Structures are given as structure tokens and as C-alpha cells.
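With my numbering as the guide, the letters of the sequence shown map in order to residues -18 to 584. Below: one structure, written as C-alpha cells.
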Amino acid sequence: MSIPQARLRNFSIIAHIDHGKSTLADRLLEATHAIDPRQMTSQVLDSMDLEREKGITIKARAVRLEYTANDGLVYGLNLIDTPGHVDFSYEVSRSLQACEGAILVVDAAQGIEAQTLANVHLALREGLTIVPVLNKIDLPSAQPDVVMEELESVLAIPREEVILASAKEGIGISEILEAIVARIPAPKGDPSLPLQALVFDSHYDQYKGVIVYVRLAQGTLRDHDRVRLMQSGAEADLLELGFFRPALVPVAEIHAGDVGYVATGLKNVREAQVGDTITSAVSPASEPLPGYQEAKSLVFAGIYPLSGEDYPLLRDAIEKLHLNDASFTYEPESSVALGFGFRCGFLGLLHMEIVQERLEREFNLDLIASAPSVEYQVVMTHGRGSITIDNPAHLPTISEIEAILEPWVLLSVVTPSTYIGPLMELSTNRRGSFIGLEYIDPVRVLMKFELPLAELIVDYFDQLKTRTAGYASMDYEEIGYRAANLVKLDVMVAGEPVDALSMIVHRDKSVAIGRTLAERLKQLIPRQMFEVPIQAAIGSNVIARESVRAMRKNVVAKCYGGDITRKRKLLEKQKEGKRRMKRVGSVEIPQEAFLAMLRTDEN
């Protein structure tokens, strides 16, 4: 059924992680009968196995709801469910650009968290209408009055606008639906103008080719139209178009203001990038839509196949996954220790973990990842300008470097005031500087620090949760580059440098980190028939050393008494054999050794 533009509403659900977005989406689907009750499962929009296991939303999902309001008219509600974790804020910003309004979900027991603030600022920057919802009011620990006061004082949201709800119990769902209809404006855009549709997400289907998720800014899209993607120049005859409910439901046409999908039949994933504009190939629009700011990768790591012959499979898998997740970047690289692979850029460590797991599960690959690193700017001597490196193995020699600049971030942490001391200690140990503190309410504070990104990405989040019994939350934004006294720490196993284990560290911490790494590798590298030395070095200066002892067979077990020279001869023969093995033997470094690099915390 076609719904006029004045009765369309496009909205997102935004919240901090675990505040109940996906459960609220379930209740809205139920209330509008968008899904058969027999097919209803919890977190129905979190369709990925990974999302269900980790209990988080990773991909933004769209769904079309039809709601009969109190005025008796039928409204078309396009809901885009978004992730809440700090690493996926790029997904959130993309989704918000396809909407006119956002439901802000706040936990009535936990109140405003760091990501709540970040997502509200994102929504306000896009000029969206915010519908505040106080979720989980059925919990014994809920404090609706306190949290409403927080919303008023911190975000200037009037108390009377807040809807009290419990997504789990189904309380307040009809009020939320009425507020969407009443408060969120209808989309603008003339259906008679040349077609302009913004691609805000996509996935690959082996039968229909590239399926793009679009928001029509203007014009009308009809079945079997010939379309052009303005950025890539690719043209295609549409195989199918329609809405998400949440399964794909084909329709004959979609109009300006609608959110839907288009099956292009394109086989090359690079031809349909997120942020591109779809227009008609017959009467194209004069210019594309503004699109998106490109996602900036903050964390870089090498991803390699466990066996070299899987490299072509990894290349195809990464290309297909990149279509579905445009926020990670990749380029081919090779490593002496690991062979051929890809240098990938991610938005954060959780994002890196998710991408690696998706590649392993969805494409049935065995992968190995190198230690994560950030992007450094290296100022060369003799006025040769500066270069950007994201792989420690590519750092020039010390004599060629005048200065190394590293990225810094502004970190916002929301925490109960009892944990101010431990967080101060954690952040200053990570070379951070304290900027300021303000009270959100009598028991919770918002703390701000400036901190090098390299110190944040490894395990700052884990430490933050450990030291605050899980109560603190964080968000960060980049604030530019600053010079620091950094050095390259090389790890050598059996005299051979392992390029995948080298890292860039602050000189003051280099000895402690070198010792920790050598000790960990000693425990992780399996014993060989010969002794394996493990060294950590800065340039030619070895700062730490451990040895993996050789396995020994008792060659004199069969000698009972008799002349000592016989035993000595056997032992000398064994010693010579081990010396020869050491010369030609190679040492396999297990994946755990690379994972150990991720956890070199100050403990």
C-alpha cells in the first residue's frame, strides 16, 4: 500500500550500549504487526550470530512499519536501529543522515552515559527532532525522577517531553508511536524531480548481486528502471526494489522520502559504495547528494591467512565484507614472519575483533592478526618533509628521524564519584593529562582527559571497567597530533626479527614492555629440540632477553655403570646435533603470542 509523503516518518533509535534499543525495536515491530508473532524472537533485528552472542548491535538495520494512529490514518514509519558501542559511532552517524528524528533511549537505572551524550550531539548536529524515552522503569533500581532531572540539566530536555517506558514489559509503546507521528516531521523532497537516492548501507547477495539500502531525497524509483551510481559511474537495470519488513518485500515503486532497498545485479562490490548517490541513467540529476564524511581508521593491524594458499580467498572475503562495512580500510602487505596478507584500518579494537571474527565465520577462514598500532607522522631529517606510517616495521632508521608525532584524543568518562581516584591513576599512567570534571548529579561525574590514542586502544576500556566495577562508560574524539619521545621496539626470536611483533612505544616504558613481552613469549613459544633465545631490542641495543629451554632426551638411560667416556661421547653427540638444529631449525610462533601483545598492561 502506497502512503503519501506527509504520513511518512523516518527515525532512528539511539542510546548507550545496553540501554534497551533492540528490545524497544522488538516491541515496536510487535505493536505495528510488522512480523508474524510465530516468527518473533528477541532482538529480531540483530540477525548476525555475533550480535546475539555478544548481546550488542553491530550493523544498523532498517525496517518499515505501518501504524494506524489515534486519528485513524495509516502512517509509514521507517525505523533504523543503530549500534551503541563507541567503535560503531560511524554506523550511527550514517543512519542519522537518513532520518528526520531520533528516539533517545536512556536507562532509568543508569542514567546518562558517555555514549548517550555523544549520540545526542550527533543527532543535534544533523538537525534531528529528539523524542526522549526513559526505559526500564520496571526495574527495582530505577530512579526516573533523578534521571529526568539529569536530562533537564545536562541535555536541556524538558521533563514533560520524556516518555516513561519499559520495552521488556511493553509499557509506554503506544505513547512512543504517537509521539513519533506527532513530533517527528515528515520527509521533504519532490517525487517529480530527477531521482536522487542516498546509499546508506549495503550487502552482497549471491543471486541478486549488490543490494543497496537507500533513502530517496527526491524523485521516484520504479521497478526495472535503469540507474546510475554517480560516484562510481556504474549503470545497472534494477532487478528488484522494495521495503524491509524486516525481510525484503518487493514493491513496484518507491517515492521521495521513502527508505528501501534496491537489488542492482552489480557483481563488483566496489561499484556501489556507501555514501554514493543513485540517479536515473535516462534523466540523471545534475549533482550527487553530499554523501558522508569518510570514516577515519584509528587502529591498524595486519590480517594474514594461517596457510599461504588461502590468500586469494581472504582477498575476496575482505572485498565482500568491505561492501557491508565501509568503515574499515585495507591494502595488501607482506611480512617476513607471516607471508602475504592485508594491512587493515579499524575504528577501534572491538571493531577489529568483530571484523576478524566475521571473516573467520562467514567465509570459513583461519586467520592470524598482528599487534594493533595507530598512525604516526614521522618528520624526516634535512628538511625532507614528513611521512605517515601505520606499520611499525616501516619506521625509518633512528638517524633519519627528526621527530615522531602521535595522535591524541579527548576522552570523556562518566563514572560514579567514588572511582575518581582509580581513573585519575589509570589515565596518568597512560601519559594522559586531566582536563576537567563536572558533576552530572550528586553521585556521578563527567571527567575529561587528553590521552595518546596508542595508550587508549590496547586495553584501556577493560581496565576502566575493572577499576570501576563496570559502572564507568567512555567516549572519545580525535584532537590532532603531538610530538613524543617514541622508539621502535623489535622482538627477535632465535636471532631473527619478527616484523609482525614490532611496536612503537614511549622510551620511558620501553624496558618494562620489552621485559613483559620476552617473558610472555617464553611461556607461549613451544619448546624445541634446541634452545630458543627471545630478545627485545631498540635498534642494536638489546634491552631484555629470555630463553626457551631445549627439550632433552635422556640418551644415557641405557648405560648401566661402565666407563664414563661412553656416556660423555653420547652427550657430546647430542650437543652437536642440537647445535646443528639451532642453525637450520625454524620456530613457529603461535597466534597466542600475537594476542599477548594486546594485553601488555601495566600490571
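The beta-carbon is built from N, C-alpha and C at its ideal position, and this holds for glycine as well. Since the structure is predicted, the reported quantities are computational estimates derived from the model, not experimental observations.
### Query
Can you give the Cα-Cα distance for V394 and P514, rounded to whole angstroms?
42 Å
#### Entry: Proximity below 8 Å, CB of L346 to CB of A282
no
### Message
Considering only their Cβ atoms, is the gap separating V360 from E387 smaller than 8 Å?
### Response
no
### Query
Cα-Cα, which of W389, H363, V390, Y357 is closest to A374?
Y357
### Query
R501 by DSSP, collapsed to three states: which one?
helix
### Message
One question on the structure: do S278 and T258 come within less than 8 Å of each other, judged by their Cβ atoms?
### Response
no
### Nearest-angstrom Cα separation, counted from A(-4) out to M484
36 Å
#### Entry: C-beta atoms of F321 and G289 nearer than 8 Å
yes
### Message
Within a Cβ cutoff of 6 Å, which residues of the same chain sit near N584, ignoring the five residues on either side of it in sequence?
### Response
Low per-residue confidence applies at N584: pLDDT is 43, beneath 50, and the placement is therefore not dependable, though the value from the model is reported in the following sentence. Here the set comprises nothing.
### Query
What's the gap between the Cα of L432 and the Cα of I(-2)?
23 Å
### Message
Quick check: the Cα distance between A215 and L437, rounded to an integer number of angstroms?
### Response
41 Å
### Query
Run through DSSP, which three-state label would P113 get?
strand
### Query
Leaving out five residues before and five after D239 in sequence, what residues of the same chain have Cβ atoms less than 6 Å from its Cβ?
L197
### Query
How do the stretch 148 to 166 and the stretch 224 to 241 stand: do at least 3 beta-carbon pairs fall below 8 Å, yes or no?
no
### Message
Assuming Y311 is part of the beta strand (DSSP E), what are its boundary residues?
### Response
310 to 316
#### Entry: Nearest-angstrom Cα separation, counted from E343 out to M29
The pLDDT assigned to M29 is 49, lower than 50, so where the model puts this residue is not dependable; a value taken from the coordinates is nonetheless given after this. Each residue's Cα considered, the two are about 10 Å apart.
### Query
Given L330, which residues of its chain have a CB within under 7 Å of its CB, disregarding the five upstream and five downstream residues?
V280, P353, I438
### Message
Considering only DSSP beta bridges, list what Q177 is partnered with.
### Response
Q199
#### Entry: Rounded Cβ spacing between N116 and N59 (contact assumed at less than 8 Å)
The Cβ separation is near 21 Å, so there is no contact.
### Task
Kindly indicate which three-state DSSP category F442 falls into: helix, strand or coil?
helix
### Message
Between which two residues does the alpha helix (DSSP H) holding I161 run?
### Response
154 to 164
### Message
Taking the straight line between their C-alpha atoms, what separation do you get for T110 and V143?
### Response
13 Å
### Task
Could you give the DSSP three-state label for D582: helix, strand or coil?
Annotation note: pLDDT 44 at D582 (below 50); position unreliable, coordinate value reported separately. The answer is coil: DSSP assigns D582 none of H, G, I, E or B.
### Task
Could you pull out every unbroken alpha helix (DSSP H) segment of at least 4 residues lying fully inside the stretch 401 to 481, listed in chain order?
401 to 410, 434 to 438, 441 to 448
### Query
Going by alpha carbons, who is nearest to V529 out of G543, A350, D544, E512?
E512
### Query
Where does S588 sit, in a helix, a strand or coil, going by DSSP?
One cannot answer for residue 588 here, as it falls past the ends of the chain, which runs -18 to 584.
#### Entry: Between the CA atoms of P166 and L176 - distance to the nearest angstrom
22 Å
### Task
For M361, name the three-state secondary structure that DSSP assigns.
strand
### Message
Can you find the residues in the same chain that come closer than 6 Å, C-beta to C-beta, to A499, ignoring five residues on each side of it along the sequence?
### Response
I515, A517, A525, E527
### Query
Does the separation of the CB atoms of P397 and Y462 fall below 8 Å?
no
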